[in-house]
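Just so you know, the sequences run in chain order A and B.
Per numbering that gives the first Met the number 0, the first sequence starts with residue 0, numbered consecutively.
Per numbering that gives the first Met the number 0, the second sequence starts with residue 0, numbered consecutively.
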Amino acid sequence: MPAPLLETQDLTKTFPGVVALNKVSLRLHAGEVLGLVGENGAGKSTLIKILGGVYPPSSGRVLLSGREIRFQGPKDALDAGIAVVYQELSLIPHLSVAENVFINRLPRRGVLVDWRRLERMAREVLAEVGLSDLDPRTPLAELPIGVQQSVEIARALSYRARVLLLDEPTSSLTEPEVENLFQILSRLKAQGIGILYVSHHLEEIFEITDRLHILRDGRTVAVLETASTHEDEVIARMVGRDLGQVLPEQRGQPGEVVLETRGLGDRFLKEVSVRFRRGEVVGIYGLLGSGRTELLKALVGARRPLAGEVRLFGRPVRFSHPHDAARQGVVYSSEDRKGENLFFGFPVWKNATYQAIQIGRFVRLGVPQARAERRAVAELAERLNLKAPSLDADVYHLSGGNQQKVCLAKALLSEPEVFLLDEPTRGIDVGAKLEVYQLMAELARAGKAVVFVSSELPELIANSDRVYTMARGRVTAELTGDAITEENVLKHCLEVETA
Amino acid sequence: MNRLRSLLQSSEFVVFLGLLAVAGFFALNSPVFLTRFNLLNILLQSSIQGIVAIGMTFVILTAGIDLSVGSVVALSGVIMALLLHAGVPVWAVLLLNFAFGVLVGVFHAFSITRIGMAPFIVTLATMAMARGLTMVLSDGKTIFDFPPEFEFFGAGQIGPIAVAVIIFLLYALLAELLLRGTVLGRNIYAVGSNPRAAALSGIRTERVLYFVYIVSGFSCALAGLVLTGRLGAAMPTAAMGYELDAIAAVIIGGASLMGGKGTILGTVIGVLLIGVINNGMNLMNVPPFWQSFLKGAVIYLAVMIDSLKNRQREG
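What follows is the structure, encoded as structure tokens:
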């Protein structure tokens, strides 16, 4: 049997006080997709970062085609033919798509950049990820986050890598884009590229991978052939116990209308009329660029509406800043944890109370009462099953799922009546997702209005009492009860596209 | 135990050790250094720099910068001198001076938040404009002869301690309490760390920016008052290069130019470190050109140690 394309032997990584990886030996063969799965904090990201040259291992070896390799930094890994697409985007917003793809490698004519050739090269690479219609000169910041992720994958491909590491590549993609990605991956596989695929979505794992490598607490707990296992076994191995796939059963009782819009419009939104009731979980679904995030932002005054009105408890309101909205009980929690939600470098407890102290909670005469804050955060951390070394830990060091819980705590502690949650389960593991669903149902039962945006149809359908579909800045349908099906939702998102 | 460890790992503590080390070196090499007179003198000389550096800390915490401080200190001095000579009563002069400082801050914040200009550019422009106005108003000449109750703020003593030192320390205490203990203080850190997240969390980021630039302008006016009183004269060339010493002190004290990190305590230690180096080198008769070089080297060293420490923690 030939040497595996990529192999690790007893790979170990320790951080002060933590063993993140413990003697992990993994093999990735040419032309296969190996799924790397595990709960938050199982060591997946650490492993990817070692293979990508970001961290040096504490001990153990990495072999590429049977030869040991050592990286001084990410560039060495790229040069060796290992390209990584990370969960958090690492692109530069104000540069064009083409520049982002070929950054550090811009084609030149003399000392100047050869823009025409750059554009041609970019078009070729973009076509490989199904973005042949995208103008490579578009500034990246103008693209929705999902398209940005596709650009990032294009960049990884452009290095002609032999090994491709994908860390949660679909966390912000919509279903058609995921299908598109899988087609690309199949093509790459056929070309003999080895792909290490990290994901929390078990359906995806089962659809795309050949084998599974399961980590728990930094150790390998199983290596399985995908074809000869099933979801329950994988989950059981990941969490180390059986986990009944519980979705919230009890629903809230829809009550009075809390927040509604009539003909809301701005540069992006067009005549949006929606209403949210107490005791209800409303799902909003739309493809990228459909206006779902823009709508939520407009509702809290982070965008200025140009037309139409917003009513809170029947009275017209005009929030000029999220501050006003929070004061009146409407909060928005952004999908972009790193860019728009959390303060990296600050402790968990301060992050969790930042919104609350703006509206005078835990505050006496302009002075936040740290003791009361800590107590409240500690209680909430318990309830949300938030795992952090301590409340003083830097939120940056938490796993994605735990960071998301801090975001939820931040919204909860300001005690709103309306929760506008943008992709609250993006990039977090199965266990944490279930906890988020439970929480949304609980809030609805307690008489709150809960609105959430999701790109995952199954979760949207399972958790919504009502669904609005959006496309191109418009609400295209309102679905309730049995009408909430995958087919229906997708149909209403697409019909405007073809119309 | 944890508290002790986090204290030992804090930037402030490391700079404090540096301060002790440098002071120890001078104490061994100069018999005058450790005398009470000299130590009080260091404090006095650091106090004007310190007041400016406190204002700078607020601005740097929001990832901004204020290059105008030296010129604004000088302009404040000349404005007060002219008002006094025009017969305006001292209390009104103080009031007008502080209003001037606040106005400078408002102008900066307006340009940054409403027009969208970069702090570096705005304050670079005011640095030149204020210095120019200083020259125009004073006709390039030094102005002196002020009433004693005016000079009290810079030259007065309460017991053995100079009034300037008391103003500096009280101002530092007030600033630290505000930054550590109030919602506004926390919001300043948040805006520096992640302005978009801050706005979506309900922080009115524009107001926060107005506040920090006003604090910086006000600090310049306060420093101008103390400096003019101490010298007994308003000099159009006063406070040259204060902006660089203030920025250096803030950064030595552990703040980050990227915003969101730093304390007043750190800045005060940074100011004292620079003060001790200046004073010690004078006592040891180091030639002025070498003084500048050595001061730069110390700044480099201090920031290097902090950066290395942070890198280790990341890794």
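Note that CB positions come from ideal geometry on N, CA and C, so glycine has one too.
Chain-order list of residues whose beta-carbon lies under 6 Å from that of residue i (same chain, five-residue window excluded)
{"i": "A82 (chain A)", "result": "A155, Y158, A160 and L163"}
{"i": "P315 (chain A)", "result": "E308"}
{"i": "R374 (chain A)", "result": "none"}
{"i": "P367 (chain A)", "result": "I356 and F361"}
{"i": "A222 (chain B)", "result": "I47, I50, V51 and V72"}
{"i": "F145 (chain B)", "result": "L83"}
{"i": "D241 (chain A)", "result": "Unreliable positioning characterises D241 (chain A) in this predicted model, as indicated by a pLDDT of 48, which lies under 50. A coordinate reading is not provided."}
8 Å contact criterion, which residue i and residue j should meet: CB distance rounded
{"i": "E293 (chain A)", "j": "P253 (chain A)", "result": "With a Cβ gap of about 26 Å, E293 (chain A) and P253 (chain A) do not count as contacting."}
{"i": "P56 (chain A)", "j": "K12 (chain A)", "result": "6 Å"}
{"i": "L18 (chain B)", "j": "L271 (chain B)", "result": "6 Å"}
{"i": "L183 (chain B)", "j": "G365 (chain A)", "result": "7 Å"}
{"i": "V299 (chain A)", "j": "A324 (chain A)", "result": "4 Å"}
{"i": "L286 (chain A)", "j": "T173 (chain A)", "result": "5 Å"}
{"i": "E11 (chain B)", "j": "I268 (chain B)", "result": "6 Å"}
{"i": "R130 (chain B)", "j": "S70 (chain B)", "result": "4 Å"}
{"i": "Y188 (chain B)", "j": "L60 (chain B)", "result": "6 Å"}
{"i": "L263 (chain A)", "j": "V271 (chain A)", "result": "4 Å"}
{"i": "L456 (chain A)", "j": "E477 (chain A)", "result": "Not a contact, Cβ separation roughly 17 Å."}
Separation of residue j from residue i, as counted between CA atoms
{"i": "A2 (chain A)", "j": "R210 (chain A)", "result": "17 Å"}
{"i": "L412 (chain A)", "j": "E372 (chain A)", "result": "9 Å"}
{"i": "T479 (chain A)", "j": "F109 (chain B)", "result": "49 Å"}
{"i": "G240 (chain B)", "j": "I202 (chain B)", "result": "34 Å"}
{"i": "I427 (chain A)", "j": "F288 (chain B)", "result": "59 Å"}
{"i": "A140 (chain A)", "j": "L268 (chain A)", "result": "19 Å"}
{"i": "A410 (chain A)", "j": "Q403 (chain A)", "result": "11 Å"}
{"i": "I194 (chain A)", "j": "E123 (chain A)", "result": "21 Å"}
{"i": "T34 (chain B)", "j": "N193 (chain B)", "result": "47 Å"}
{"i": "V211 (chain B)", "j": "F57 (chain B)", "result": "5 Å"}
{"i": "S44 (chain A)", "j": "D166 (chain A)", "result": "7 Å"}
{"i": "L173 (chain B)", "j": "R179 (chain B)", "result": "10 Å"}
{"i": "L10 (chain A)", "j": "A189 (chain A)", "result": "29 Å"}
{"i": "R370 (chain A)", "j": "L390 (chain A)", "result": "12 Å"}
{"i": "L27 (chain A)", "j": "I47 (chain A)", "result": "13 Å"}
{"i": "T225 (chain A)", "j": "T208 (chain A)", "result": "7 Å"}
{"i": "N179 (chain A)", "j": "W114 (chain A)", "result": "28 Å"}
{"i": "E31 (chain A)", "j": "I192 (chain A)", "result": "7 Å"}
{"i": "E203 (chain A)", "j": "L433 (chain A)", "result": "17 Å"}
{"i": "V423 (chain A)", "j": "S463 (chain A)", "result": "Here residue 423 (chain A) turns out to be Pro, not Val, going by the sequence shown. Going by the C-alpha atoms only, they are around 14 Å apart."}
{"i": "I64 (chain B)", "j": "H396 (chain A)", "result": "29 Å"}
Same chain, Cβ closer than 8 Å to residue i, neighbours up to 5 away in sequence not counted
{"i": "A320 (chain B)", "result": "Outside the modelled stretch of chain B, which goes from 0 to 314, sits residue 320 (chain B), for which no answer is possible."}
{"i": "A41 (chain A)", "result": "L214, R215, D216, G217 and M237"}
{"i": "L117 (chain A)", "result": "A97, E98, F101, L105, P106 and P135"}
Per DSSP, cross-strand counterpart(s) of residue i
{"i": "A221 (chain A)", "result": "A:I213"}
{"i": "V36 (chain A)", "result": "A:I213"}
{"i": "L27 (chain A)", "result": "A:L5"}
{"i": "R195 (chain B)", "result": "For R195 (chain B), which the question treats as bridged, DSSP gives no partner whatsoever."}
{"i": "L165 (chain A)", "result": "A:V84 and A:Y196"}
{"i": "M439 (chain A)", "result": "None; M439 (chain A) has no bridge partner."}
{"i": "P367 (chain A)", "result": "A:V362"}
Short Cβ contact (7 Å threshold) for residue i with residue j
{"i": "Y436 (chain A)", "j": "I283 (chain A)", "result": "no"}
{"i": "G543 (chain A)", "j": "A76 (chain A)", "result": "Coverage of chain A is limited to positions 0 through 498, which leaves residue 543 (chain A) absent and any answer about it impossible."}
{"i": "S218 (chain B)", "j": "G54 (chain B)", "result": "yes"}
{"i": "T122 (chain B)", "j": "P235 (chain B)", "result": "no"}
{"i": "R317 (chain A)", "j": "D265 (chain A)", "result": "no"}
{"i": "I78 (chain B)", "j": "N278 (chain B)", "result": "no"}
{"i": "N28 (chain B)", "j": "M283 (chain B)", "result": "yes"}
{"i": "V541 (chain A)", "j": "A153 (chain A)", "result": "Missing from the structure shown is residue 541 (chain A); chain A here goes from 0 to 498 and no further."}
{"i": "G228 (chain B)", "j": "G153 (chain B)", "result": "yes"}
{"i": "V103 (chain B)", "j": "G216 (chain B)", "result": "yes"}
{"i": "E259 (chain A)", "j": "R310 (chain A)", "result": "yes"}
{"i": "A62 (chain B)", "j": "G261 (chain B)", "result": "no"}
{"i": "E334 (chain A)", "j": "R471 (chain A)", "result": "no"}
{"i": "A352 (chain B)", "j": "E339 (chain A)", "result": "An answer regarding residue 352 (chain B) cannot be provided, because it is not within the stretch 0 to 314 covered by chain B."}
Spatial neighbours of residue i in its chain, beta-carbon cut-off 7 Å, leaving aside the 5 residues before and after
{"i": "I304 (chain B)", "result": "V13"}
{"i": "A22 (chain B)", "result": "V275"}
{"i": "N21 (chain A)", "result": "T11, G217 and R218"}
Residue i beta carbon near the ligand ADP (any heavy atom closer than 6 Å)
{"i": "I251 (chain B)", "result": "With respect to the ligand ADP, the structure offers nothing, as it holds no ligand at all."}
Members of the segment 187–204 of chain B that neighbour chain E once the beta carbon cut-off is set at 7 Å: Here the protein chains are A and B, and chain E is not one of them.
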